[in-house]
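Student: This is the structure, below, for whatever I ask next.
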Ligand code: GTP
Ligand code: MN
Ligand code: MN
Ligand code: MN
Ligand code: MN
Ligand code: MN
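Residue numbers (UniProt numbering): 1 to 197.
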């Protein structure tokens with residue numbers, strides 16, 4: 001259990017949750033990116049996050065409604081929030097990487113999906129997002145996470161991680177960076193420098 005009261009669940013543990021549990025599902029869309037900032041700092045990957053209506057940073061996705069599967073709810077939210085072309089980029093069961101469980105005020109699991117696309121596809125998803133039904137209201141910005149660290153050891157990902165994130169989004173980001181191989185555990189630990197100071 002982490003500081004915010006979330007228990008990390010494997011994909012299998014998610015499938016064993018009781019009937020009364022409610023569900024939310026969010027997706028980490030990313031593409032590997034070999035470009036460098038100023039020809040110097042590897043960008044590593046494009047990872048999509050959003051600025052939300054509440055001022056917090058999170059991933060696109062949302063609450064799964066009654067009668068929807070997790071993937072149905074997620075794909076609906078992705079269409080609403082980023083106008084994702086579901087013919088090309090529908091999120092599948094196989095993209096589910098696990099969940100974050102909260103017991104209070106009620107039992108709810110926040111499922112995490114990870115979807116890799118090419119950099120060119122990422123750009124087309126990003127561009128389409130500004131035309132989404134919820135853009136400008138529920139979603140106030142579409143952005144890429146800075147994954148580099150500047151020479152001062154703080155600019156880039158360490159500074160970005162000092163923002164306010166919704167729910168377990170920050171943990172999901174760090175988890176995904178590691179499981180996708182975008183960053184090593186050591187790289188992530190050093191980007192957390194401000195947390196321990
Ligand atoms: P409406 O369409 O306005 O109903 O919102 P939504 O369905 O899009 O729900 P939202 O995306 O806000 O997600 C529901 C809840 O999940 C939020 O209140 C947060 O607590 C949590 N949440 C939001 N974004 C994330 C995220 O990226 N990761 C995780 N783990 N939780 C999130
Ligand atoms: Mn410039
Ligand atoms: Mn929504
Ligand atoms: Mn949402
Ligand atoms: Mn919703
Ligand atoms: Mn909505």
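Beta carbons: idealized from backbone N, C-alpha and C, even for Gly. These numbers were taken from a predicted model, which means no experiment stands behind them.
Pick out every residue whose C-beta is nearer than 6 Å to a heavy atom of ligand 4: which are they, in chain order?
Tutor: 61, 62, 77, 81
Student: For residue 124 and residue 46, I'd like the C-alpha separation in whole angstroms.
Tutor: Looking up residue 124 in the chain shown gives position 124. Looking up residue 46 in the chain shown gives position 46. Distance between the alpha carbons of residue 124 and residue 46: 12 Å.
Student: Can residue 97 and residue 109 be called in contact, C-beta distance under 7 Å?
Tutor: Taking the first residue of the chain shown as 1, we reach residue 97 at position 97. Taking the first residue of the chain shown as 1, we reach residue 109 at position 109. Against a cut-off of 7 Å, the Cβ pair of residue 109 and residue 97 comes out as no contact.
Student: Exposed or buried, what is residue 84 when buried is set at 16 or more other beta-carbons lying within 10 Å of its beta-carbon?
Tutor: In the chain shown, residue 84 corresponds to position 84, counting from 1. Buried: at least 16 other Cβ atoms inside 10 Å.
Student: Pick helix, strand or coil for residue 68, following the three-state DSSP scheme.
Tutor: Here residue 68 corresponds to residue number 68 of the chain shown, with the count starting at 1. In the structure shown, residue 68 adopts coil according to DSSP, grouped into three states.
Student: With residue 29 as the anchor, note down where its beta strand (DSSP E) starts and where it stops.
Tutor: Here residue 29 refers to the residue found at position 29 of the chain shown. Residue 29 -> beta strand (DSSP E) spans 22-37.
Student: Please list the segments of the alpha helix (DSSP H) lying wholly inside the region 136-176, counting only runs of 4 or more residues, in order along the chain.
Tutor: 157-160
Student: Taking residue 62 as part of the alpha helix (DSSP H), name the residues at either end of that continuous run.
Tutor: Walking along the chain shown from the start, residue 62 turns up at place 62. No alpha helix (DSSP H) holds residue 62; the beta strand (DSSP E) holding it covers 61-63.
Student: Look up residue 123 in the DSSP assignment and say whether it is helix, strand or coil.
Tutor: In the chain shown, the residue the question calls residue 123 occupies position 123. Three-state result, residue 123: helix.
Student: Compute every distance between the C-beta of residue 26 and the non-hydrogen atoms of ligand 1, then say whether any falls below 6 Å.
Tutor: The residue you call residue 26 lines up with position 26 of the chain shown. Because some heavy atom of ligand 1 lies under 6 Å away, the Cβ of residue 26 counts as near it: yes.
Student: At what residues does the alpha helix (DSSP H) containing residue 88 begin and finish?
Tutor: In the chain shown, residue 88 corresponds to position 88, counting from 1. Its alpha helix (DSSP H) spans residues 86-89.
Student: Residues in the same chain with beta-carbon distance under 8 Å from residue 188, minus the five sequence neighbours each way, listed in chain order, please.
Tutor: The residue you call residue 188 lines up with position 188 of the chain shown. Here the set comprises 174, 177, 178.
Student: Can you give the beta carbon distance from residue 70 to residue 128, rounded, assuming they're within the 8 Å contact cut?
Tutor: Residue numbering aside, residue 70 sits at position 70 when the chain shown is read from its first letter. Residue numbering aside, residue 128 sits at position 128 when the chain shown is read from its first letter. Residue 70 to residue 128, Cβ: 23 Å. No contact.
Student: Would you grab the beta carbon distance between residue 106 and residue 22 for me? Rounded to a whole angstrom, and I think it's under 8 Å.
Tutor: For the purposes of this step, residue 106 is identified with residue 106 of the chain shown, where counting begins at 1. For the purposes of this step, residue 22 is identified with residue 22 of the chain shown, where counting begins at 1. Correct: roughly 7 Å between the Cβ atoms.
Student: I want to know whether the region 153-160 touches the region 13-20 - three or more CB-CB distances under 8 Å.
Tutor: No, because fewer than three Cβ pairs between the region 153-160 and the region 13-20 fall closer than 8 Å, the two stretches do not touch.
Student: Name the residue from 137, 185, 8 whose alpha carbon lies nearest to the alpha carbon of residue 100.
Tutor: As a first step, residue 100 is located in the chain shown; it is residue number 100 there, counting from the start. Among 137, 185, 8, the Cα nearest to that of residue 100 belongs to 8.
Student: On the three-state DSSP scale, how would you describe residue 102?
Tutor: Here residue 102 refers to the residue found at position 102 of the chain shown. Correct three-state label for residue 102: strand.
Student: Going by C-alpha distance, which of 54, 27, 17, 31 is nearest residue 141?
Tutor: Taking the chain shown and counting its residues from 1, one reaches residue 141 at position 141. Of the candidates 54, 27, 17, 31, the one whose C-alpha sits nearest the C-alpha of residue 141 is 54.
Student: Tell me the DSSP secondary structure of residue 74 in three-state form.
Tutor: The sequence position of residue 74 within the chain shown is 74, counting from 1. If DSSP states are grouped into helix, strand and coil, residue 74 belongs with the helices.
Student: Throw me the rounded Cβ distance for the residue 81 and residue 132 pair, which I believe falls under 8 Å.
Tutor: As a working mapping, residue 81 is identified with position 81 in the chain shown. As a working mapping, residue 132 is identified with position 132 in the chain shown. Yes, they are in contact, since the Cβ atoms of residue 81 and residue 132 sit about 6 Å apart, within 8 Å.
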